[in-house]
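This report concerns only the one structure given below.
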Amino acid sequence: MSGLRRPWSDNTPKEKQHTSTSPVSRSSSSSSSYPFSVEMSTAATATSPRRSIFLGVDVGTGSARAGLFDESGKLLGSDSSPIQIWKEGDCVEQSSTDIWHALCAAVKSACSLANVSGDEVTGMGFAATCSLVAVDADGSPVTVSWSGDSRRNVIVWMDHRAVKQAEKINSSNSPVLQYCGGALSPEMEPPKLLWVKENLPESWSMVFRWMDLSDWLSYSNWR
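full-length UniProt numbering applies: residue 1 is where the sequence shown begins, and numbers increase by one.
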């Protein structure tokens, strides 16, 4: 994957920045709202062969974690950065922007600790919780919160606001249910989608993409 490049950026407020790194300004030539990461290349210079380094990113409920590995699977360096979470009753929400800032901080720090440059990374992958992300046609966050806070556009996996919606879907006896264990849990995404449609119609009409968090991470990294 030669020549794929996205500039680093982390616009996290100063008080939330990862303590072991300093922010790097976003390139003025980039139009992405979620700039990230590394130049990935398989090319080697004429004078010295380039290492093949692999980057793994795991976004959990409370933090984003990054690890760098060589071709033998040896861990070269890793770090993590906390993620903000809002809990109000059965509602548990996060911000995709905050998640991205935490991810950037963790990756930059891991690269520094491992003494790895971005152009040495030849492969990368994301893992994340089964959380639901809402964005509009421009990729900007759309609130999924009673509060109306536009930052809170992620319904976290353990959110249980959609109990009634799950019961409604399960009572339909749809043949689709046989493909998901016979019943849906309120932690699954279809009941949460129905909850937003029934309770936040304005947000529902604004959303252009509903994405699983791991898919949103991959999409945001390459768009």
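Glycine included, C-beta positions come from ideal geometry on N, C-alpha and C.
| Item | Value |
| --- | --- |
| Using 8 Å as the Cβ pair cut-off and three pairs as the minimum, do the segment 123 to 135 and the segment 56 to 63 touch? | yes |
| Between residue 55 and residue 121, which are expected to be in contact by the criterion C-beta below 8 Å, what is the C-beta distance as a whole number of angstroms? | 5 Å |
| Which class does residue 76 belong to by DSSP, given the choice of helix, strand or coil? | strand |
| CB-CB under 6 Å to residue 199, same chain, minus the five flanking residues each way: which ones, in chain order? | none |
| For the segment 95 to 114 against the segment 162 to 177, are there 3 or more C-beta pairs whose distance is under 8 Å? | no |
| Using the Cα positions of residue 216 and residue 105, report the straight-line distance between them to the nearest angstrom. | 18 Å |
| Helix, strand or coil: how does DSSP classify residue 193 here? | helix |
| Kindly indicate which residue of 100, 142, 109 has the alpha-carbon position closest to the one of residue 210. | 142 |
| Near residue 189, what residues of its chain come up, given a Cβ to Cβ distance below 6 Å and the 5 sequence neighbours on each side ignored? | 132 |
| Could you name the residues that DSSP lists as bridge partners for residue 93? | 86, 155 |
| What ranges does the beta strand (DSSP E) occupy inside the segment 91 to 171, keeping only unbroken runs of at least 3 residues that lie completely in it? | 91 to 94, 121 to 128, 132 to 135 |
| Along the chain, where does the alpha helix (DSSP H) that runs through residue 206 open and close? | 201 to 206 |
| Alpha carbon to alpha carbon, how far is residue 118 from residue 76? | 14 Å |
| Under three-state DSSP, which class holds residue 25? | Any answer about residue 25 is weak, because its pLDDT of 32 lies below 50 and its placement is not dependable; what the coordinates show is given next. Of the three classes helix, strand and coil, the one that applies to residue 25 here is coil, per DSSP. |
| Hey, how far is the Cα of residue 206 from the Cα of residue 80? | 33 Å |
| Using the beta-carbon count (16 or more within 10 Å), is residue 72 buried or exposed? | exposed |
| Once the 5 residues before and after residue 70 are set aside, which same chain residues still bring their CB inside 8 Å of it? | 51, 52, 53, 54, 76 |
| For residue 135, I'd like the list of residues in its chain whose CB is within less than 8 Å of its CB, leaving aside the five on either flank, ordered along the chain. | 96, 141, 142, 153, 207, 208, 209, 211, 216 |
| Whose C-beta lies closer than 6 Å to the C-beta of residue 156 among residues of the same chain, with five residues either side of it excluded? | 92, 94, 131 |
| Using 8 Å as the threshold, is the C-beta distance between residue 158 and residue 187 below it? | yes |
| Identify, in the order they occur along the chain, each residue of the same chain with its Cβ nearer than 8 Å to the Cβ of residue 103, setting aside the five sequence neighbours on each side. | 36, 57, 59, 64, 66, 81, 217 |
| Just verifying my parser: in three-state terms, what is the DSSP assignment at residue 63? | strand |
| Taking residue 86 as the reference, give the member of 68, 170, 139, 151 with the closest Cα. | 151 |
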